[in-house]
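S.K.: The following block contains the structure, expressed as structure tokens.
This is how it looks when you write it as structure tokens:
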């Protein structure tokens, strides 16, 4: 998905590698700033659950089945608005020994 960034929009991308306990990629909260998630991707070596969160609230959840999808995943591209002033994250639940999760989007300053 292509997102045309307008004046005042700041793109960002967060990536975190993990091991057997999974991984969480987080874009930090900021006062008077609203984040928008536009995509999530990564890889894992076993079946897992992938969540997109607005603070601690799960906004979307996907099952990653490596026997069907292989080790790489990009289950979703779209637009999820995050509560102004809240952090957002992508969480992969588990891995045998190697995983990575990426979350990307943009932010705008709220007046």
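Numbering (the numbering used here), first residue to last: 16 to 126. The beta carbon of each residue, even a glycine, is placed where N, CA and C say it ideally should be.
1) Are the beta-carbon atoms belonging to residue 38 and residue 103 less than 8 angstroms from one another?
2) According to DSSP, which residues form a beta bridge with residue 86?
3) Around the Cβ of residue 34, are there at least 16 other Cβ atoms within 10 angstroms (buried) or fewer (exposed)?
4) Looking only at C-alpha atoms, which of 62, 123, 108 sits nearest to residue 86?
5) Excluding the 5 residues flanking residue 74 on each side, which residues of the same chain have their C-beta closer than 6 angstroms to its C-beta?
6) Expressed to the nearest angstrom, what Euclidean distance is found between the alpha-carbon atoms of residue 125 and residue 48?
7) Could you tell me the boundaries of the beta strand (DSSP E) in which residue 32 lies?
8) Please tell me whether residue 51 and residue 120 are closer than 8 angstroms, where the distance is taken between their beta carbons.
9) Buried or exposed for residue 57, going by 16 or more other Cβ atoms inside 10 Å?
M.R.: On the basis of the supplied data:
1) no
2) Answer is none; residue 86 lacks a bridge partner.
3) When all chains shown are included, residue 34 counts as exposed.
4) 62
5) 67, 95
6) So the two alpha carbons sit approximately 5 angstroms from each other.
7) 24-33
8) yes
9) buried
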